[in-house]
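A.B. asks:
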Amino acid sequence: MTYLTVYTDGDTPGTLLRTEDTAEIATALKEIGVRLRHWRTVGGLDGAGQDEILAAYREEVAQVVAEEGYSFVDVAQLHPDDSPDWPERASAARNKFLAEHTHDDDEVRFFVAGSGIFYLHVDGKVHAVLCEPGDLLSVPARTTHWFDMGTRPDFTAIRFFHDDDGWVGDFTGDPVAARIPDYDTITADRAGA
Ligand SMILES: [Fe+2]
Numbered sequence: 002m003t004y005l006t007v008y009t010d011g012d013t014p015g016t017l018l019r020t021e022d023t024a025e026i027a028t029a030l031k032e033i034g035v036r037l038r039h040w041r042t043v044g045g046l047d048g049a050g051q052d053e054i055l056a057a058y059r060e061e062v063a064q065v066v067a068e069e070g071y072s073f074v075d076v077a078q079l080h081p082d083d084s085p086d087w088p089e090r091a092s093a094a095r096n097k098f099l100a101e102h103t104h105d106d107d108e109v110r111f112f113v114a115g116s117g118i119f120y121l122h123v124d125g126k127v128h129a130v131l132c133e134p135g136d137l138l139s140v141p142a143r144t145t146h147w148f149d150m151g152t153r154p155d156f157t158a159i160r161f162f163h164d165d166d167g168w169v170g171d172f173t174g175d176p177v178a179a180r181i182p183d184y185d186t187i188t189a190d191r192a193g194a
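For the sequence shown, this note's numbering begins at 2 and goes up steadily by one.
(1) Do E25 and ligand 3 come close, with the Cβ less than 7 Å from some heavy atom?
(2) Leaving out five residues before and five after T20 in sequence, what residues of the same chain have Cβ atoms less than 7 Å from its Cβ?
(3) Is DSSP giving S84 helix, strand or coil here?
(4) If you count every other CB in all the chains shown that lies within 10 Å of the CB of R95, and 16 or more means buried, which is it?
(5) So, is R41 buried or exposed, given that buried needs 16 or more other C-beta atoms within 10 angstroms?
(6) Where DSSP assigns a beta bridge to H39, which residues make up the other side?
(7) Provide the residue span of the alpha helix (DSSP H) that contains D52, from first to last.
(8) Kindly list the residues whose CB is nearer than 7 Å to the CB of A57, restricted to its own chain and excluding five residues on each side of it in sequence; keep chain order.
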């Protein structure tokens with residue numbers, strides 16, 4: 002279930018809104034041009050690879066591709082394991098898009114399992130959208146944002162692209178991401194709320 006926290010973006014960020022209400026979240030995101038939809042979730046996909054996951058969501062994926070012209074769809078997943086290099090891989094993956102950036106393409110993600118937080122920095126506010134299984138988030142091209150998967154990344158997501166070169170981040174250099182509560186903080190606050 003999606004969880005939204007909205008912050009001011011000043012030197013000492015204040016909390017403007019904190020909600021799990023689906024309609025309230027959709028309205029708040031619509032105001033900044035971001036679309037959130039919800040799909041049914043398919044069980045039994047633990048340990049599944051890309052082909053099996055895409056097959057399980059074939060109809061939904063086909064509909065989004067047809068509606069919005071995406072030409073490339075893949076599955077990104079990261080789950081904790083016992084290998085010695087896990088902490089380094091987890092940290093490297095987390096840091097990749099942890100600073101504010103934009104893309105020339107939309108950033109569209111469907112969460113099959115696990116979670117992650119998209120932070121959308123628009124008009125002096127930061128919308129922190131904790132995405133969970135069933136959530137399809139569409140961040141329009143050029144929207145300033147960052148993504149935090151936490152210090153113990155655990156998620157499976159379907160990604161949609163217009164261009165099979167993938168997409169690169171254009172980093173803004175704005176240190177705002179460092180001022181806003183991170184994934185670990187938000188999820189801990191929510192669990193204790
Ligand atoms: Fe991004």
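C-beta: ideal position from N, C-alpha, C; glycine also.
C.D. replies: The relevant details are as follows:
(1) By its list of ligands, the structure shown excludes ligand 3, since it contains just ligand 1.
(2) L5, I26
(3) coil
(4) buried
(5) exposed
(6) D136
(7) 51-57
(8) V43, L46
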